[in-house]
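Student: Input: one structure, supplied below.
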Amino acid sequence: MIAMADDMSRTCDAIVDRLWERINCGEWRSVAKDLRYSMADDMSRTCDAIVDRLWERINCGEWRSVAKDLRYCLAYVSALKAVCRCLPLPAISCCGDDNDCVNERKVQALYALDFGLLMSPRLSGDNILAKMATAIHESIVCCGGCDSERTLTGDNRKRLKLSAGDDRALNAYTVDATGDDHKMSHQLSDNNNTVITIPEDYRRLIPYFGDSVKHRIKRVHELDIETFLADYLRPQEPVIITDCMADWPALNGPRKWSVEYIARVAGYRTVPIEIGSKYTDDEWSQKLMTINEFIAKYLTPGAEVEAPGGGGGHRTGYLAQHNLFDQIEELMADISVPDYCCLTTSGDNNDTNDAEDESAPPDVDINAWFGPSGTVSPLHYDPKDNLLAQAMGAKYVRLYRADTPAEAIYPNECRLLSNTSQVDVECVDSERFPAFATLDQYWECVLSEGEMLFMPRPVVAMIAMADDMSRTCDAIVDRLWERINCGEWRSVAKDLRYCMAYVSALKAVCRCLPLLAISCCCGDDNDCDNERKVQALYALDFGLLMSPRLSADNILAKMATAIHESIVCCGGDSERTLTGDNRKRLKLSAGDDQALNACTVDATGDDHQMCHQLSDNNNTVITIPEDYHRLIPYFGDSVKHRIKRVHELDIETFLADYLRPQEPVIITDCMADWPALNGPRKWSVEYIARVAGYRTVPIEIGSKYTDEEWSQKLMTINEFIAKYLTDGAGGVEAPGVGDGGHRTGYLAQHNLFDQIEELMADISVPDYCCLTTSCDNNDNTDAEDQSPPPDVDINAWFGPSGTVSPLHYDPKDNLLAQAMGAKYVRLYRADTPAQAIYPNECRLLSNTSQVDVECVDTERFPLFAALDQYWECVLSEGEMLFMPRRYWHFVKSLSASFSISFWWQ
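The opening position of the sequence shown corresponds to residue 13 in my numbering, with each subsequent residue numbered one higher.
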């Protein structure tokens, strides 16, 4: 914009310099007038060139995609052009018979201003373009240039489609409580038992207007704002209000609206006219013309535009859905914004009764609809509540309920017309649209002058709009996914990940947009559409998987929490699936609850039935349930392989005896205060399902990630539990296995706690993690702050019995906390010779051994088979294992298990 303005300024300077040479060669009074005109015309042509260039940029796509700066720039240039056209004139407001008052230039200036107003209605707070246009229009009328009064009043009035007799017809649609008949009228009774009189001329235009009272819209007189809110706005019920326009100047006195009055006040103003019977027709178009031209072409008999193809057909013109009142402020002064409009979500406390301020509340869009008899708006919906005020003439309106099935309305498949039905209501094609032909749930009315109809925003309309936006989001996600999913994850640009997360958040909003609330408990209320909420939740989780921390307060996670709670509240409760009588379906049965804690440390040496006893290197007896021992028959009796267990390990001792010398240790009591281990939030499969059952997570499918058939799949936690943690489900059948073999599912190494903050609230980051190189002095013991230190990676490991992490190492120190169930862990020192471990040659798996620890191939891996330097343990619920960085470790779950790893360095 600056470059364009500077270019224009330099052009103006060049023109001024040339003209100044000619002007500044004598006395001012001797300067030819045409030089002054020439300067203005040259500047005007420069403005035209700039407008053309801007128009090329603006007119190349949808209006909503046009940058606001371009619109403002076009408006400014239009204002400058208007000044240029009027610059040579001595005055634009009082002309008389002065020949200098050239109306042609004023009309050109007025067109330029209206063009600017159409591009950007509010160029400034006081709407300076509209005020300039008003002054010029008054000057044109004052100077007698094709005065609209002379054309449209007096003897010429008979040329209007609105004849003298029609003035009475405009008000002939009356509400008559006495039931008196009107000559040539048609009488109906509304649902208040009030006789409604319809002029016969109207009746001929709408022969489908029925006699049934059930289709009538209720009429109310003196409707106070509280009643409107309680009885109509909140329940979204239509109503006709018969008296709320009584004080409008447009309805009374010298400013009462008529075609002549509109022509007099705004005849030379330029407006966009829709040409065609309806905007869904192929030949429909739009054209800029003055209101005088519009009236002459479409509101006077015999002057209509001939339809393409000849045959004597004519096309209708309609000033439809245009923000005329920002453009022509004199017309805005003739109406008032209804007080009912203060009841907007964003402006409940707005006071719109101020007589000094007739401007609309911020969230009210005011549009004009002005045209001859027979103009049609096809069946469609609007996304906002609507008060349709009839200021002149009368209209027939038919409404269909918000919950009318979309398949019965037959909306257009074209995205731009998706809010409009394909059905011609006046001539229904029952073969193409059989469902519509049978619809009997609708309201209808003839809206007369001085009446106002409240049309609620339809929920189905919001759903259609939201679905349209959602599909757009899907298309964007698909394109982003193509770019993201073409290499290693670590090489993906962060901007792409954030973009994917933002679009996912937008899609979630779109899915929930039509719902009145996502946090209310709904019971059996059908409006609580859990399917849409589940879709929204999936979109949010997908965004969280791409970029967990979209904002400092993790807004995506908070949105997901609210929606999940709403799903559970509204009847999709995971507890009903996973507790009570169905609890026996879980692989973790009631009897297994004790088994989870059956691996105990027993200082007395008492034996447990069906248990296997070992002694650790502290001479403490360790009791291993027999079920566990069957899963790990290689778990030996040798004390030298035991990992030391320590109780009440202070942070200084941990640093001196284990972290610095890089020695493993099991800490037996540092999780005692976790809600995940105690009380109502104690973790179990049922609890996880209740808190996070509808959340989407990545599941590893296969016995181990080194297997060829290993894969990953997104699914909800409920689905994961049903497939892999319930008896009889057995997991996914393995490819090529015809004997009933199944594959294991595992939620492994996933940053679940940024995604599901409720689970993060159930655990605490161990104080030992403050001993990082980059934050030695961090204090993470604050009970008010459960967020992890900056350099701690927290991952979840959740799955059924038998899940395996093959022998591998991690580049960071690791505290493995066992929150539920038990696991077998074997460790090999970091300095174990690599040739004895046999790491994979593939770069992506270079931290993983080729050896299957549970079934060693001694021929392929003889050095590993001879290794005797390792530690092993069964890590029980409530215990935490410190594994130094680069220690090779093998892990196997012995029951339904949930572990948390804290990696730091």
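Here a beta-carbon is modelled for each residue, glycine too, at the ideal position from N, C-alpha and C.
Report the residue ranges of all beta strand (DSSP E) runs contained in full by the region 273 to 358; include only those spanning at least 3 residues, in chain order.
Tutor: 282 to 287, 297 to 302 and 329 to 334
Student: I believe Ala332 touches Trp381 by the beta-carbon criterion, under 8 Å. Please report the beta-carbon distance rounded to the nearest angstrom.
Tutor: 5 Å
Student: May I ask which residues mark the beginning and end of the beta strand (DSSP E) holding Cys72?
Tutor: Looking at the DSSP string, Cys72 is not in any beta strand (DSSP E), and its letter there is neither H nor E.
Student: Please name the residue or residues paired with Phe240 in a DSSP beta bridge.
Tutor: Paired residue(s): none; Phe240 is not in a bridge.
Student: With C-beta atoms as the reference, is Trp916 less than 7 Å away from Val804?
Tutor: Taking 7 Å as the Cβ cut-off, Trp916 and Val804 qualify as a contacting pair.
Student: Taking DSSP as the reference, what is the three-state secondary structure of Met832?
Tutor: strand
Student: Beta-carbon separation of Thr254 and Glu463 under 7 Å?
Tutor: yes
Student: Cα separation between Ala569 and Lys735?
Tutor: 25 Å
Student: Report the three-state DSSP secondary structure of Ile768 (helix, strand or coil).
Tutor: Three-state result, Ile768: coil.
Student: Kindly indicate which three-state DSSP category Glu884 falls into: helix, strand or coil?
Tutor: strand
Student: Out of Ala124, Ser503, Arg544 and Ile285, which one is the CA nearest neighbour of Val519?
Tutor: Note on residue identity: the sequence assigns Lys, not Val, to residue 519. Residue Arg544 is the option with its Cα nearest to Lys519.
Student: Kindly give me the distance between the Cβ atoms of Thr922 and Thr728, rounded to whole angstroms, as I take these residues to be in contact under 8 Å.
Tutor: With the chain represented from 13 up to 917, any question about residue 922 goes unanswered, as that position is not in the structure.
Student: Which one of Tyr758, Lys716 and Asn730 has the shortest CA to CA distance from Val863?
Tutor: Lys716
Student: Would you check if the region 891 to 899 and the region 808 to 818 touch, i.e. whether three or more CB-CB distances between them fall below 8 Å?
Tutor: no
Student: Taking Gly128 as part of the alpha helix (DSSP H), name the residues at either end of that continuous run.
Tutor: Asn115 to Met131
Student: State the Cα-Cα distance for the pair Phe240 and Tyr352, rounded to the nearest angstrom.
Tutor: 7 Å
Student: Touch check for the region 443 to 459 and the region 417 to 426: three-plus C-beta pairs under 8 Å?
Tutor: yes
Student: Would you be able to state if there are at least three C-beta pairs under 8 Å between the region 453 to 469 and the region 391 to 403?
Tutor: yes
Student: Please specify which runs of the beta strand (DSSP E), each continuous and at least 3 residues long, are wholly inside the region 374 to 443, giving them in chain order.
Tutor: 380 to 382, 398 to 401 and 407 to 412
Student: Excluding the five sequence neighbours on either side, which residues of its own chain have a C-beta within less than 6 Å of the C-beta of Tyr550, listed in chain order?
Tutor: Thr708
Student: Within 10 Å of its beta-carbon, does Gly748 have 16 or more other beta-carbons around it, so buried, or fewer, so exposed?
Tutor: Unreliable positioning characterises Gly748 in this predicted model, as indicated by a pLDDT of 40, which lies under 50. A coordinate reading is not provided.
Student: What is the DSSP secondary structure of Pro250, counted as helix, strand or coil?
Tutor: coil
Student: Would you kindly work out how many angstroms separate the C-alpha atoms of Thr680 and Met892, rounded to a whole number?
Tutor: Rounded to the nearest angstrom, the two C-alpha atoms are 6 Å apart.
Student: Can you grab the Cα-Cα spacing for the pair Leu300 / Asp259, in whole Å?
Tutor: About 33 Å.
Student: Does the Cβ of Phe910 have 16 or more other Cβ atoms within 10 Å, making it buried, or fewer, making it exposed?
Tutor: buried
Student: Which residue's Cα is closest to the Cα of Lys230: Glu456, Asp669 and Glu438?
Tutor: Glu456
Student: Using DSSP's beta-bridge definition, name the partner residues of Gly757.
Tutor: Ile713
Student: Hey, how far is the Cα of Met683 from the Cα of Asp843?
Tutor: 30 Å
Student: What's the C-alpha gap between Thr793 and Ile678?
Tutor: Any answer about Thr793 is weak, because its pLDDT of 43 lies below 50 and its placement is not dependable; what the coordinates show is given next. If you take the alpha carbons of Thr793 and Ile678, they lie about 21 Å apart.
Student: Looking at the unbroken beta strand (DSSP E) that takes in Ser723, where does it start and where does it end?
Tutor: Ser723 to Thr728
Student: What residue does the alpha helix (DSSP H) around Tyr143 start on, and which one ends it?
Tutor: Here residue 143 is Lys; the residue named in the question, Tyr, does not match the sequence. From DSSP, the alpha helix (DSSP H) with Lys143 extends over Ile140 to Cys154.
Student: Classify Pro637 as helix, strand or coil using the three-state DSSP reduction.
Tutor: Strand, per DSSP.
Student: Pull the bridge partners of Ile912 from the DSSP assignment, please.
Tutor: Ala808 and Ala829
Student: Looking at the secondary structure, which residues open and close the alpha helix (DSSP H) in which Glu698 lies?
Tutor: DSSP places Glu698 in the uninterrupted alpha helix (DSSP H) bounded by Val697 to Ala704.
Student: If you draw a straight line from the C-alpha of Val521 to the C-alpha of Thr146, how long is it?
Tutor: 43 Å
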